[in-house]
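What follows is a short report on a single structure.
Numbering (the UniProt record's numbering), first residue to last: 1 to 708.
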C-alpha cells in the first residue's frame, strides 16, 4: 500500500513540475509595440509605455529587429528569439505579418503600428523607418546584465543618442516565467537520467559487481587519503590563483575597501584619522566610493566580519594567504557535513565537483567578502546540525557564533538564511528549550554590530551602508518587482553556467532527482528553501553587479551541492546494486568535468562569454583591468621615501589601485596621491623631505617630478 501511494505521489509531483515547465515556456515571452504617427514614435513593452520621441529625420521606411545575445550564456533557454512581426496601418489593416523573421525589407510605410513578439528575454535592436543603407530610428533594449534601453537615430551612418534609460519593468508574469524556466529546464533531462539508470541497471548482468573486497580500515585510509589530496589540491590551486594570477592584490573596488579596513584593524583601530586629510583630502579621495570620511573618521562602508579576517593576514604580512585558507577551511567543514549526510563515496564526488567549480575558484581565491561569508555560513550550518543531533551546549553557541560573523559580513544574505533555518529548528528540535543556547552568540554579535555602528556613525541604528552611495533595499518606482526579476534572471542564468561549468540543462539534474524521488526529506526542503530565500532576498537590491560571476549567489553553492548529493543518494537507493548506480553517475559527472577542464583550465574551448565573468581561469590574470605593475616598478627602481602623484583617467583603477597601496595613516615609505596638476605643489608642504614622482597607471611609467 505504501509503495502504491508513493508511486501515485511520484507521478503527481512529476506531472505538476512538467506542467509548470510548459506553462512557463508559454509565458516566457514579451510583446513590443511601436506606434508611429507623424514622426512621433511611442514604444510599449507588454502594454506599458517605456519611451517616446519625436524626430523628423525619416518619413518612411521598413522595420528590422535583431536579438541581442551579448552576455547571455550560449545554452541558456532565455536567449531572445523573434517569434512574429505584425504591422498594421492606422485603420487596422495588416501591412505585414510573418513568423520567425527579422526584417520586412525596405517599405514605404509612414504611419503604422508594429507588434513584435519576442520569446525569451527582451534584448534586441529594433530599427524603424529603416532605409536601404540601414539608417533609421533605432531602439536598443537590453533586458540582461546591464539592463537599459534607449532610442538613437542613424543618419548617413552617424549615430545620435535621443534617449537613454536604466532599468525597465518587464512585468511580473513574464519575469517569473523566465526565471522559473531557467531552473525547470533540467527537468526533462531528469526523467531521461532516471530512465537511463534503470535501463543500464537491468542491462548489466547481476554477476557483474563493482565492489572492492577491502576491509573497513583500508577503505577509511583510502577515503582520508583522497579527501586530503582533494583539499590540498584545492588549497594549492586557490593559492596559485591569488598569488600568481591575481598577483596577491585586490582587483575590485569593494575588495580594495575591505583591504584598507583590514589595515585599520591591524593597527588596533576601528577607524583611521589621517592628519593629512584635514587639509589635503582631495589628493587621497580615490577610494571615496567605499571609504567614508565623517567627523575626521575614515572607515569602510562594509561590516567588520570580512576585514577582521583579512587583518590577520595583514599582521602576518601575507594577506594573500587568507582567502585560500578560509576557502580550504570551508571545504573541510563541507567534507564533514557531506560525510554525515551521504557517506564517503558521495562526499569524494561532491568535493571533486566543488574543487573544479569556476564559481568556487574565482570567489574562493579573491579578496571579496564572499569567501569569508561562505565559510561563516557553512560553519553555522555545520554546528546547526550538530545541535540537532547532539546535546553538547557548545554546538549551538558555535553555530550562533558563526552566524554572528556571517551577519556582520553579508547582512542581507544572513537574514535570508536565518528565516528557513529558524523555522526548521523550531519545527524539528525535540528539546525546544535548547534554542535558548543559540541566544548568547547571537546577542554578542548583534551588540557588536550596534557598537560598531555607534563608533563609526554615532548612531547604533545607522550603519555605514546608509551613509554611502549604496542603493537602499526595497522596491520603488525606480526598482520594481518587474525590473528586479530581470536582475534575478541575469544572476540565475550565469549561475547555472558558472557554478559547475556544466551545460545549463544538466546543472540541476541531480537536484531535481532529490526533489522528485521519494521520500522527500526535510533537509532537502530546507536546502531548497534556503536557495529560494537567498534568491528572493536579492530581489530587494537594485542591480545584478556581476563580478567574478554571480557573486551574490555564491552562498547558494553548498545547498546546491547538498541537493546534488541527495539526488545521487536517492538514485543509489532505488536498487540493492548501489555501487553500480554510483559508478554510472560518477562516470557521467567525470565526463562533464572533462568538458569543464578542457575549457576552464586548459583554455581549449569557450564555455561562455560574459562580462566580469572569466571564461577560463587564466582570464583572472589582469582581471578587471587591475595589475601590480606600478608597484613592481617602484621596487625595480628602488624608490624610497617618496610621494608619487598618479595620473587619474576616466576609469576607477588608474588612481584607486595605487591608492590601495597606502597605509591608513599615510606615513609609509611610499605615499600615493592623486595627480591634481598645478595643485600638487600644495602637498609638498605636508611632505617636505621626500622625493617626488609622477606615475601613469595605463602606460606603467614613473618619472621624477619636475619642480620647475
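Ideal Cβ placement from N, Cα and C applies to all residues, glycine included.
Since the model is a prediction, treat every value here as computed from it, not as a measurement.
- When DSSP states are grouped into helix, strand and coil, residue 508 belongs to the coil group.
- Put simply, the region 257-267 touches the region 308-315. At least three CB pairs are less than 8 Å apart.
- The three-state secondary structure of residue 640, taken from DSSP, is coil.
- Rounded to the nearest angstrom, the Cβ distance from residue 404 to residue 441 is 5 Å, consistent with a contact under 8 Å.
- The beta carbon of residue 682 lies closer than 8 Å to those of 280 in the same chain, with the five residues before and after it left out.
- Here residue 353 is buried, its C-beta having at least 16 other C-beta atoms within 10 Å.
- In the three-state reduction of the DSSP assignment, residue 281 falls in the helix class.
- Less than 8 Å divides the Cβ of residue 147 from the Cβ of residue 486.
- Comparing C-alpha distances from residue 301 to each of 294, 295 and 290 shows the shortest one belongs to 290.
- Three or more beta-carbon pairs separated by less than 8 Å are not found between the region 97-116 and the region 159-176, which leaves the two stretches without contact.
- Take residue 545, set aside five residues on each side of it, and the residues of its chain with a beta-carbon closer than 8 Å to its own are 551 and 552, in chain order.
- The C-beta separation of residue 554 from residue 374 comes to about 6 Å, placing the pair in contact by the 8 Å criterion.
- DSSP places residue 67 within a strand segment (E or B) once states are collapsed to three.
- Here DSSP, grouped into helix, strand and coil, assigns residue 97 to strand.
- If the five residues before and after residue 53 are omitted, its C-beta is found closer than 7 Å to the C-beta atoms of 41, 151, 162 and 163, all from its own chain and listed in chain order.
- Inclusion of residue 223 and residue 344 in the CB contact set at 8 Å is warranted, their separation being smaller than that value.
- In this structure, residue 562 lies near residue 527, with their beta-carbon atoms less than 8 Å apart.
- Where residue 416 is concerned, the enclosing alpha helix (DSSP H) starts and stops at 411-428.
- For residue 682, the uninterrupted alpha helix (DSSP H) segment begins and ends at 680-684.
- Taken in chain order, the region 32-76 contains no complete alpha helix (DSSP H) segment of 4 residues or longer.
- Here residue 304 is actually not in contact with residue 459; their C-beta atoms are around 16 Å apart, not less than 8 Å.
- For residue 489, the CB contacts under 6 Å within the same chain, skipping 5 residues up- and downstream, are 178 and 179 in chain order.
- Taking residue 400 as the centre and dropping the five residues before and after it, the same chain places the C-beta of 438, 441 and 442 closer than 6 Å to its C-beta, in chain order.
- In the three-state reduction of the DSSP assignment, residue 83 falls in the strand class.
- Three or more beta-carbon pairs separated by less than 8 Å are not found between the region 84-103 and the region 618-634, which leaves the two stretches without contact.
- Counted as a single uninterrupted DSSP element, the stretch harbouring residue 553 is not any alpha helix (DSSP H), since DSSP gives it neither H nor E.
- The alpha-carbon of residue 44 is positioned some 42 Å away from that of residue 292.
- When C-alpha distances from residue 315 are compared across 330, 261, 656 and 338, the shortest belongs to 261.
- Residue 165 carries a strand assignment under DSSP once its states are collapsed to helix, strand and coil.
- Taking 4 residues as the shortest admissible run, the region 323-357 contains the following complete alpha helix (DSSP H) segments, listed from N- to C-terminal end: 344-356.
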